[in-house]
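Below is one structure, written out as structure tokens; the observations come after it.
Numbering (our numbering), first residue to last: 1171 to 1491.
Structure representation (structure tokens):
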């Protein structure tokens, strides 16, 4: 079998961190609550045009909590979501709680812990985990340093959610114009990294440093009573909040934007599929052959710092038990 065929068969992911699934999930919890404790299991396979692959098993519980008598509080609940995920380069455990004190507002908190290993895929190094360092030979190039499970990646986050559904004002099966906005502050750390040392995880750009980050997203979509039940646009923003000296020189102070066109198909109460095409902002550098340089040795173009580029295409297949 040709290598290109094999590569197509194992197309995989990086965690498109499952933000559409979370958006759909929280809207569903708010619209279809149970008056007693309910639970559900879900198995998801995420395939992407980027290197990697991810299989997720999720167990969720929904508890009625501080319910009121009014329309805005009668469905108050607390959701607990536990997820185990594995990919060809990493393994992770995640926990998240979502509290709905009022229909349009939610508080969320959670964390994750995991580790990884590194593989070579058709001559390309795929970095599951490890440090990103500058070579000491004076070339200003980068080198990856790390071995399998030589440290743990951990993360803790807290945020809030605002959500709305036009059908709440004008009831009707075809009136579900929905919006969900999420803002989060998180702290991510790699136990093998010292202060200001940068690191890779799940083959990202290797520009992470132990410290605080901001993440936010906005999903605007339309839900329909047909197989293609959700279409929409997801906008994501991420900003490193740690103050690495000289970070503006290579553009680390710039917000990293991602934009995705999303569609979700629900075939029956157990099986669904989500597809997206995602674009991101990339920085423009003035250095020739900047790809070979350690990222802190790059110089961003101040007059034209960013451009939009294709990031990935993703398909997620989901099965509810």
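A virtual CB, placed ideally from N, CA and C, is assigned to each residue, including glycine.
All of these numbers come straight from a predicted model, not from anything done at the bench.
- Scanning its chain for C-beta atoms nearer than 6 Å, with the 5 sequence neighbours on each side dropped, one finds around residue 1432 the residues 1190, 1402, 1404 and 1446, in chain order.
- In the three-state DSSP reduction, residue 1297 falls in the coil class, being neither helix nor strand.
- Shown here, residue 1462 sits in a helix according to DSSP, grouped into three states.
- In the DSSP secondary-structure assignment, residue 1347 is bridged to 1392.
- If you check the CB distance, residue 1485 and residue 1443 come in under 8 Å.
- When only Cα atoms are considered, residue 1359 and residue 1428 end up about 23 Å apart.
- Annotation: residue 1207 to residue 1233 spans about 5 Å, alpha carbon to alpha carbon.
- In the three-state DSSP reduction, residue 1223 falls in the coil class, being neither helix nor strand.
- Straight through space, the alpha carbons of residue 1423 and residue 1394 are spaced by roughly 40 Å.
- Per the C-alpha coordinates, the member of 1273, 1440 and 1347 positioned closest to residue 1236 is 1273.
- For residue 1335, the pairing in a beta bridge is given by DSSP as 1348.
- Residue 1320 sits close to residue 1362, with the two beta carbons spaced by under 8 Å.
- Residue 1369 sits buried, since 16 or more C-beta atoms from the chains shown fall within 10 Å of its C-beta.
- For the pair residue 1222 and residue 1251, the CB atoms are not nearer than the 8 Å cut-off.
- By the criterion of at least three beta-carbon pairs nearer than 8 Å, the region 1298-1316 is in contact with the region 1370-1378.
- Checking the DSSP bridge columns, you'll see residue 1312 partnered with 1304.
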